[in-house]
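Reading through the structure tokens given below for one structure.
Residue numbers (the numbering used here): 2 to 308.
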């Protein structure tokens, strides 16, 4: 089995306790336990230690809930980490979180996408999980059926409409997105979007649509983005990508046509690149590969190693 991508994994140390999420007495006991930890999230940013070279997740004791808690955003059970409970806590109601007791001097809130490759793997799993859950709750405060306010139930893994005549239940959403390395022998297709970090080029990706298989989504997205046809669509691995709420599902596909034509304006450039070109990148910063902790980079690195 392939090792999990960054932000993924965790089943060997984190028990999500799905079977106990409706046990209110048990949950209350966890929040009273001295060993329970809180993972603060402020406006989709995670609290990490101030060390810029090797940041690490900062967690707080459950007692901090008295000062930091927001009745509109109760703690969300992430699970038991080696037997001790861990909850995500949205502190977005605070205006200046870095200076608010008991957050002061613990670290700083940072964008996990920017620092993901620097934190330890387990920290990345925990921070991504907390970010994904708090983001979903922050965007689903009202019932999608009738518009009435909704409230958190099942330890944060569901929301229920407050209108008893509706009583609709809503569950955390993850959007499936394909990401694919399109290859032809000793070369691959890379593109660049304007919104990406300077000089960064990456493989192709896009969201799966209703009524579409993942393999169909691969073929459609490649056709739409660069006008290339592919076959031999093969699954590689997946990666949680909570920016804001995606699951990146990685594939390889062999090109059967080779002329690139950008048709949807998503890329400002796209081209074929050989192994030699990607192994000997320019040193002037004019061309860069995806972040080291991304599934895009893993797809590329494994293909380069095969040459």
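Yeah, the Cβ is synthetic: ideal placement off N, Cα and C, and Gly gets one too. All values reported here derive from a predicted model rather than from experimental measurement.
Item	Value
State the beta-bridge partners of residue 241 as determined by DSSP.	248
Nearest-angstrom Cα distance between residue 111 and residue 29?	30 Å
When DSSP labels each residue in this structure, what does residue 8 get in the three-state scheme?	coil
Entirely within the stretch 100 to 187 and at least 4 residues each: give me those alpha helix (DSSP H) ranges in chain order.	113 to 116 and 122 to 139
Within the same chain, show all residues whose beta-carbon is closer than 6 Å to that of residue 117, passing over the 5 residues directly before and after it, in chain order.	125 and 294
Mind checking who residue 46 pairs with in its DSSP beta bridge?	43
Compare the beta carbon distance of residue 87 and residue 79 with 8 Å and say whether it is the shorter of the two.	yes
Does DSSP put residue 214 in a helix, a strand or coil?	coil
Judging by CA-CA distance, which residue of 268, 65, 171 and 154 is the nearest neighbour of residue 73?	154
How many whole angstroms separate the CB atoms of residue 187 and residue 308, which I take to be in contact at a CB cut-off of 8 Å?	7 Å
In whole angstroms, what is the alpha-carbon distance linking residue 103 and residue 56?	19 Å
Measuring CA to CA, which of 299, 228 and 240 is closest to residue 266?	228
In three-state terms, what does DSSP make of residue 73?	coil
Using the rule of at least 16 other Cβ atoms within 10 Å of the residue's Cβ for burial, across every protein chain shown, is residue 142 buried or exposed?	exposed
How about residue 200 and residue 209: do their beta carbons lie closer than 8 Å?	no
Identify every run of the beta strand (DSSP E) within the stretch 263 to 306, keeping only runs that are complete inside it and at least 3 residues long; order them along the chain.	270 to 275
Less than 6 Å between C-beta atoms, sequence neighbours within five positions excluded: which residues of the same chain meet that for residue 242?	249
Alpha carbons only, please: which of 216, 240 and 237 is nearest the one belonging to residue 231?	216
Taking all protein chains shown into account, do 16 or more other C-beta atoms lie within 10 angstroms of the C-beta of residue 198, making it buried, or fewer, making it exposed?	exposed
When you compare each of 189, 62, 5 and 44 to residue 258 by their alpha carbons, which one comes out closest?	189
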